[in-house]
Amino acid sequence: MKITLNQILDERKISQNQLAKDTGISTTTLRNLNHNRTTRISFDVLEKICSYLNCGVEDILHLEHV
193 MKITLNQILD ERKISQNQLA KDTGISTTTL RNLNHNRTTR ISFDVLEKIC SYLNCGVEDI
253 LHLEHV
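Quick note, this note's numbering runs 192 ahead of the 1-based positions in the sequence shown.
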């Protein structure tokens, strides 16, 4: 699974700090997501990100075929 949140934030010119401030998600959680250093993500975090960015889960998470 690859997380492409960073690309969406770059496209929309939104910083990780701004996303954290506006959603209440910790900057550590967002940093780990952006650097693919996480093995799980809560539905709550996904929902907050998708609601804030007005996007679907499929816009943030991509299945990598090996």
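Here a beta-carbon is modelled for each residue, glycine too, at the ideal position from N, C-alpha and C. Quick caveat: nothing in here was measured; it's all calculated off a predicted structure.
Legend entry - Cross-strand partners of LYS194 (DSSP beta bridge): For the purposes of this step, residue 194 is taken as residue 2 along the sequence shown, with counting starting at 1. Answer is HIS254, bridged to LYS194.
Inset, instruction - Check each candidate in ILE252, HIS257, THR220 and name the one with the smallest Cα separation from ASP202. - result: Indexing the sequence shown from 1 puts residue 202 at position 10. Of the candidates ILE252, HIS257, THR220, the one whose C-alpha sits nearest the C-alpha of ASP202 is ILE252.
Legend entry - Alpha-carbon to alpha-carbon, HIS257 and LEU225: Residue 225 sits at position 33 when you count from the first residue of the sequence shown. Residue 257 sits at position 65 when you count from the first residue of the sequence shown. For LEU225 and HIS257, the distance between alpha carbons rounds to 19 Å.
Legend entry - Whether LYS240 touches THR220 by CB criterion (9 Å): Here the question's residue 240 lines up with position 48 in the sequence shown. Here the question's residue 220 lines up with position 28 in the sequence shown. The answer is no: Cβ separation not under 9 Å.
Inset, instruction - May I ask which residues mark the beginning and end of the alpha helix (DSSP H) holding ASN226? - result: Translated into the one-based positions of the sequence shown, residue 226 becomes position 34. Looking at the DSSP string, the run of the alpha helix (DSSP H) that includes ASN226 is 219-226.
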